[in-house]
Each structure stands twice: as structure tokens, then as C-alpha cells.
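Working notes, structure below.
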Ligand code: ADP
């Protein structure tokens, strides 16, 4: 158990090293006397309390209390944090554990209120130390880790080195040697950077202790000696003493008693210089042990007695118990059972009081041995039974402890595994997220590509459809062309071939009436007149039909002066115009692109109709032009009979007429030809009329007409 002391001592790195330096205390006291502010006083009280911490706990407590009261009075948060932190540490030393926790937590609140990270980390570190003192290692480790991360965050290198050291100690306590070594090595590196050789020496000693526990004796010795070397160089007495003590232990284990004694004596010497009573008691005990090993019981008893005496002076009960037991053991070995019992009886009392069962078992065993030597077998048996009983109790406690330790180890392993799993899951989630992103991107790209393909296909389809449509149109046009050719052929046959027999009929009808004027009575002559009229009518029909069929066929287009076109049409009709005494007024006709013969035919039909379907004397015809932006509008207005609204469409259909031949002769083709010519020029034609009020024919033609020779001539 001895070597752990080194580690626990090292934990005190969080408390300033060394014992009270009277000169230092004096200067602090005079500073306190001349302090001109309360805040300064609070800080000085705290410093003085720290100085007394290792030498005079009562004084430390009294100065600390003054600091606490003043800080609270003036509500000085930083001072309250510092004072209560010190108060917590003092309370731990006083074994007032409940209040210790309360004070440390109070300090923490104050540091957090003013966001003092250094104070916060130091207090958390002290809380770790508190939990280590009360044996709650898991909590202790958590606090040390928390302090470590704050110190790392704020770049407090010295604090971080201290945290690494404390964590190294805790991992050592928990049997996690690899982690312990890792932390101590980090601490050593940081001390090196900080040029804190003193603390580096302490860390080497701690590493030695870890190796010793791992049964790596050579490595342990190497580190202890390295620690000693640095401590000597730096003249760090405390580390020198610790190093000698540890090296002595190593020699004792190797049965090199002389070397062990030398080192123990060196340690004792230094500790006496330091007035480190706990250390002195420990060194004396070690010297006792090495003399016992050499069977030099007399010397051993002397050393243990000195150790016991010091333990009594510093009220170190646990130390007293150890020495009582060791003295009892040595006296038994020395074959002095009564003397042994004189030490073992108070040991029994103390062990029970302290509840230290392993020590109690040792005590019972030595008592039993003493009675055995005294031949008091009953007592010997009784104490042997008690030894077994306590050992059983220890065993079952040990068993429970080991089981709990195992459980704890299992749980922490499980926790680590869970953390690992969580990390893995997080990585998997990240990968999955990345996967989803890639998938989404791929989907988006697929959609875009799909859309493009779709659009391309539609385009292709449309192009195909258009091509097919074009082909269909072309085919249909071709078919129409063929049918048109048939129609023209038919029209030609009708108009040309039928004209021939018609002419024959007409000629012979005229021949009969001329050659046989006496043979035919008046009725016969009338019949012959019907035949001649019919032939004439048929001839006109065939002529108009031929014109209709040929309208637009093989058209040629050119720029035309519409005045000249209408003039020509009028000239063609001059007999009829003169006959009916019709007047024609033409106004402002434009130039336009068109088929001359077609246009002459159109106006010829228009003018002849205007004169024909007119009972007024004289028939008056006005042809006017209106410029309608992108269209030419020509209006042919007459003062004729007009038509009703019902017939506005009908009159443009081939062979459709509204009157009999007797009333108004005609073929019913004229307006059809007009419409055909208008369409041939991209235009349209319509009528606005009322019966008895004349008619107005509107011919609207686009100005930007581009002539296309239509197969149908449309
Ligand atoms: P047609 O003149 O040989 O009868 P159209 O095709 O030229 O044949 O005319 C068709 C019909 O439209 C005519 O029969 C007539 O009833 C009517 N029509 C044409 N022009 C006029 C007009 N200026 N006034 C009144 N009715 C008309």
C-alpha cells in the first residue's frame, strides 16, 4: 500500500507544494496589514490559508473563514469562489466531507457566475480530488476529465498537465494502467514544455509506481531513478524523499537490505528536514520493515515505536493502527507474546473503531499467535476463529467488491462500446446521408435526363408526326392534284366536248326554223325557240363552268394597278353598261400583287351583277378603296335589288341562284368564281345587303400576299 502514497501525494499538485514558509507567511501578513482594499484582503486571506494548509490546519481554517465572511459581505464573486474552494479543501482535510462538497459547489457557482474558466476548472479539479478522497473513483474521473477539457479549451497548459497527472493517478487506481501511463506521459511532455522540472520528477515517480504495479520491475526502477535524478538536479526535497522511499522498496523486494536501508535513511533525512511528519512516520516504518526482514527485531521495534509515536502526535489513527500491528507482529517474531499483546489489544480497538477489516484480521491473527505462544489454546482458538470470520467477511466483501469492480468494468466497457457504436452509427448515418444525397442527385439527374430523353422523343415524335403529316398532305395534295386534273379534264370535256353536240342542236334548230317556215305552226316555232334558248343557256353554263375550272390554273402573278384592272373589266362590259345606262364610279385604287386575268374576271362579275340585279334607272355603281393597315379593302356598292340576310352565304355556292332565268338570267357560277379568285389571293369576300336597299360586296386582300401556285388553284 505504501507506493500509493506517492500518487496521493502527487494529487496534491492541486494544492501548492511545500510546507509553510514562515518568511513567506510574514510577508503576506504585512501585506494584509497594509492592504488598502477589501478585495485585496480577501485574496491575501486566501493565500495565507493555503500557506498554513500543510502545517497548521486550524490557522488555515481561521484565515480562510475571515476571507469567506469578507468576500460575502462585499459580494466579491472571485473572492468568494477562491475562499470557498479553499474552505472545501480544508474541510476534506478535516474529514468534514459533507461541508467540503457544499463549499466546493458554492465556489463553482461563483466562478461560473463571473465566467471565470480558470477558477471553474480548478474547482472542478478539486471536486475530482474530493471524490477520489471519498473513494468514488468513477465520479472523480469524470470531474478530472471535465477540468481537463476546460483547461484544454482555454489553453491552460499548466492546468492541463496537472489534470493529466490526476487522471493518470485515477486510471492507476482503477487498474487501467495503459491509460494511466498515457496520461502521465502527456503530463511529462507538458511539464517539459513548461520547464516545470519539479513536477516532471513527480510524474516520473508516478510512472514508476504504475510499472511497479504492472510487475515491470526494471522499468519501475528506471523511472524512480530518473525521478530522483531530476529531483536532485532541481533540489526538490519532497520528490527526492519520495524517490528514495520508492527505490528503497524496490531493493527491499529484491532482498538488498543494505541498499534499501540507505535509501530509506536518505528519505528519512530529507523528510526530517522538511518536518514532513507523515513522511517521517512512513520512512521509520519502512526502516522497521527492512530490519524485521533481517530478523533484527530489536532495531525494528525501535523504528516502529518511533513511527507509532509520530502517528500519535499527528493523530494519524490509521498510521497508529499499522504500527501497533507491525509491533505486535515483530514482538511475536521476537518471541515476546505479552509485549505483542500490549500492542495488539489497542490495535484491535482501533481497527474496530476505524472499521478497517483487513487490519483487524491481521490483529486477530497475531493475538491468536501470541496466545498460542502463551499456551492459552482456548484464546488462541477463539482468535483464530475470529480471524477466519473476519477473513470470510473480507473475502465476501472482497468478492462483492471484485464483482462490483467487474460490473463497473463491464459497464464502462459497454459504454465505450456504445460510444464506439454510436460513432459508427453516426458515420453510417453520414454515409447514408451522403448516399441519399448521391441517390437524390442521381435521381434528379435521371429525371433531367429522362425529361430530356422524353422531350427529345416527343421532338422526334413531333418531327416524325410533322414529317408524316407533311407526307400525308403531300400525298393528299398529290391525290387532289390528280383529282383536280380529273376535274379539269371533266370540266374541259363538259365545256368543250358538250359544246360540240350543243352547237349541232342549236345549228339544226335554227336550220329547221329557217328552212321550214311554212311547215311549223306558231306553236312549233315557239318550241324551236325554247330549244334555241336552252342551247344558249347550256352554252353559257358550259362557258362559265370552264372559266370556273380554269380559274387559278397556271396563274402568273405580278404587280397590278387596280384602276387599270377595273377599267379593263368595265371595257369588257361596255355594251351591257351602255344598254343599261349604268354609271360606275371608281375611287383611289391601289397597286397590288395578283393574277391579272383572275382579278379582271372578279370585277367583271361584280359589276355585271350590280347592273343585272338592279331595277333603278340608272344603275349606279361605286367602287371604293379602304386602306386597312395590313389589308386592302375594296367595296363594290350598287343601288340594286339587294338580298335578304338568309342568303348571304348561299349566293357564293356554285350554281346557287335566287331568281329564275326569266327574272334575271344567269348560271349561278359568277360569285363562286369571285370567291375563288379572292381566296387565290389569300383574301375573302362577303356581302352586306338588305332587299331593296342595294348591296355592298367587300373584297378584303392581304397586303403581304405571297403568291403560291396551289394545285387546286385555290
Ligand atoms: P348569276 O349571276 O349567274 O345568277 P352569281 O353567282 O353571279 O350567279 O350570283 C348568284 C346570285 O346572287 C344571283 O342569282 C343573285 O340572286 C345574287 N346576286 C348576285 N349579285 C347581286 C347583286 N348585285 N344584287 C343582288 N343580288 C345579287
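Residue numbers (this note's numbering): 1 to 714. C-beta: ideal position from N, C-alpha, C; glycine also.
For residue 497, is the beta carbon positioned less than 8 Å from some heavy atom of the ligand ADP? For the purposes of this step, residue 497 is taken as the residue at position 497 of the chain shown. Not under cutoff, so the answer is no.
Distance, residue 703 Cα to residue 628 Cα: Locating residue 628 in the chain shown gives position 628, where the first residue counts as 1. Locating residue 703 in the chain shown gives position 703, where the first residue counts as 1. Each residue's alpha carbon lies about 9 Å from the other.
Given residue 685 as reference, the closest of 661, 404, 203 and 602 once Cα atoms are compared: As a working mapping, residue 685 is identified with position 685 in the chain shown. Cα-wise, what sits closest to residue 685 is 602.
Between the beta-carbon of residue 677 and the beta-carbon of residue 668, is there less than 9 Å? One-based indexing of the chain shown puts residue 677 at position 677. One-based indexing of the chain shown puts residue 668 at position 668. Not closer than 9 Å, so no.
Classification of residue 75 by the beta-carbon crowding that lies within 10 angstroms, buried from 16 upward: In the chain shown, the residue the question calls residue 75 occupies position 75. Label assigned to residue 75: exposed.
Alpha carbon to alpha carbon, how far is residue 298 from residue 384? For the purposes of this step, residue 298 is taken as residue 298 along the chain shown, with counting starting at 1. For the purposes of this step, residue 384 is taken as residue 384 along the chain shown, with counting starting at 1. Cα to Cα, residue 298 sits roughly 27 Å from residue 384.
Bridge partners - residue 691, DSSP secondary structure assignment: Counting from one through the chain shown, the residue named residue 691 turns up at place 691. Beta-bridge pairing links residue 691 to no other residue.
Decide if residue 501 is buried, meaning its Cβ has at least 16 other Cβ atoms within 10 Å, or exposed. Numbered from its first residue, the chain shown carries residue 501 at position 501. Answer is exposed; the Cβ neighbour count stays below 16.
Are there 16 or more other CB atoms within 10 angstroms of the CB of residue 660, so buried, or fewer, so exposed? Residue numbering aside, residue 660 sits at position 660 when the chain shown is read from its first letter. With fewer than 16 Cβ atoms within 10 Å of its Cβ, residue 660 is classed as exposed.
Which of helix, strand or coil does DSSP assign to residue 717? The question about residue 717 has no answer, for the chain in this structure spans 1 to 714.
Proximity winner among 38, 620, 128 and 47, relative to residue 24 (alpha-carbon distances): The residue given as residue 24 occupies position 24 in the chain shown. Closest by C-alpha distance to residue 24, out of 38, 620, 128 and 47, is 47.
Give me, in chain order, the residues of the same chain whose beta-carbon lies closer than 6 Å to that of residue 696; leave out the 5 immediate sequence neighbours on both sides. For the purposes of this step, residue 696 is taken as residue 696 along the chain shown, with counting starting at 1. Closer than 6 Å at the Cβ level, and outside the excluded window around residue 696, lie 635, 637 and 688.
Collapsed DSSP secondary structure at residue 515 in the structure displayed: As a working note, residue 515 is residue 515 in the chain shown. In the structure shown, residue 515 sits in a helix (DSSP, three-state: H, G or I).
Mind checking who residue 686 pairs with in its DSSP beta bridge? What you label residue 686 is simply residue 686 of the chain shown in a count that begins at 1. According to the DSSP secondary-structure assignment, residue 686 is paired through a beta bridge with 698.
Cut-off 7 Å between Cβ atoms - residues of its own chain near residue 3, not counting five sequence neighbours on either side: Your numbering for residue 3 matches position 3 in the chain shown. Note that residue 3 scores 39 on pLDDT, short of 50, meaning its location in the model is unreliable; the coordinates nonetheless yield the value given after this. For residue 3, where only same-chain residues beyond five positions count, the Cβ hits under 7 Å are 209, 212, 246 and 249.
Can you tell me whether residue 328 is buried or exposed, with buried defined as 16 or more other CB within 10 angstroms of its CB? Counted from its first residue, the chain shown places residue 328 at position 328. So residue 328 ends up on the buried side.
Using only CA atoms, which one of 158, 178, 167 and 422 lies nearest to residue 191? Position 191 of the chain shown holds residue 191. The shortest C-alpha separation from residue 191 is found at 158.
Go through its chain and collect everything with a Cβ distance to residue 698's Cβ below 6 Å, but skip five positions before and after it. In the chain shown, residue 698 corresponds to position 698, counting from 1. The answer, listed in chain order, is 635 and 686.
Measure the C-alpha to C-alpha separation of residue 141 and residue 395 and round it to an integer number of angstroms. Residue 141 sits at position 141 when you count from the first residue of the chain shown. Residue 395 sits at position 395 when you count from the first residue of the chain shown. Counting only the Cα atoms, residue 395 lies some 27 Å from residue 141.
Along the beta strand (DSSP E) that carries residue 625, what are the first and last residues, could you check? Within the chain shown, the letter at position 625 stands for residue 625. Per DSSP, residue 625 belongs to the beta strand (DSSP E) from 620-628.
Where the beta strand (DSSP E) through residue 638 begins and ends: As a first step, residue 638 is located in the chain shown; it is residue number 638 there, counting from the start. Its beta strand (DSSP E) spans residues 631-638.
Identify which residue in 562, 666 and 578 has its Cα closest to the Cα of residue 624. In the chain shown, residue 624 corresponds to position 624, counting from 1. Ranking the options by Cα distance to residue 624, first place goes to 562.
Pick from 690, 631, 644 and 608: whose alpha carbon is nearest that of residue 665? Along the chain shown, read from residue 1 onward, the residue named residue 665 stands at position 665. When each option's Cα is compared against that of residue 665, the closest is 608.
Just checking my contact of residue 312 with residue 350 at CB under 8 Å: how many whole Å lie between their CB atoms? Stepping through the chain shown from its first residue, residue 312 is reached at position 312. Stepping through the chain shown from its first residue, residue 350 is reached at position 350. Not really, about 11 Å apart at Cβ, beyond 8 Å.
Give the DSSP-derived three-state secondary structure of residue 561 in the structure shown. For the purposes of this step, residue 561 is identified with residue 561 of the chain shown, where counting begins at 1. In the structure shown, residue 561 sits in a strand (DSSP, three-state: E or B).
For residue 585, report the span of its beta strand (DSSP E) as first-last. The count along the chain shown starts at 1 and reaches residue 585 at position 585. Note, residue 585: beta strand (DSSP E), 583-587.
Would you kindly report the start and end of the unbroken beta strand (DSSP E) that includes residue 594? One-based indexing of the chain shown puts residue 594 at position 594. Residue 594 -> beta strand (DSSP E) spans 591-594.
At the level of alpha carbons, what is the spacing between residue 301 and residue 315? As a first step, residue 301 must be located in the chain shown, where it is residue number 301. As a first step, residue 315 must be located in the chain shown, where it is residue number 315. Approximately 20 Å between the Cα atoms of the pair.
N-terminal and C-terminal residue of the alpha helix (DSSP H) that residue 361 is part of: Sequence index remark: in the chain shown, residue 361 carries index 361 (1-based). Residue 361 -> alpha helix (DSSP H) spans 357-373.
Take residue 691 and list the residues in its own chain whose beta-carbon comes closer than 6 Å to its own, dropping the five residues that flank it on each side. In the chain shown, the residue the question calls residue 691 occupies position 691. Once the five neighbours on either side are set aside, the close Cβ partners of residue 691 are 642 and 644.
Please tell me whether, using a cut-off of 8 Å, the distance from the CB of residue 612 to the nearest non-hydrogen atom of the ligand ADP is below it. As a first step, residue 612 is located in the chain shown; it is residue number 612 there, counting from the start. Yes - the ligand ADP has a heavy atom lying nearer than 8 Å to the Cβ of residue 612.
For residue 236, which residues from the same chain have a beta carbon less than 7 Å from its beta carbon, with the 5 sequence-adjacent residues on both sides left out? By one-based count along the chain shown, residue 236 stands at place 236. For residue 236, same chain residues with a beta-carbon under 7 Å away, outside a window of 5 residues either side, are 198 and 201 in chain order.
Do three or more CB pairs link the segment 275-287 to the segment 65-85 at distances below 8 Å? no
When you measure from the CB of residue 605 to every non-hydrogen atom of the ligand ADP, does any distance come out below 8 Å? Taking the first residue of the chain shown as 1, we reach residue 605 at position 605. Indeed, a heavy atom of the ligand ADP lies less than 8 Å from the Cβ.
Option nearest residue 260 by Cα separation, candidates 105, 275, 272 and 243: Numbered from 1 along the chain shown, position 260 holds the residue referred to as residue 260. Here the closest residue by C-alpha is 243.
Which runs of the alpha helix (DSSP H), 4 residues or longer, sit entirely within the segment 41-117? 57-73, 77-93 and 97-113
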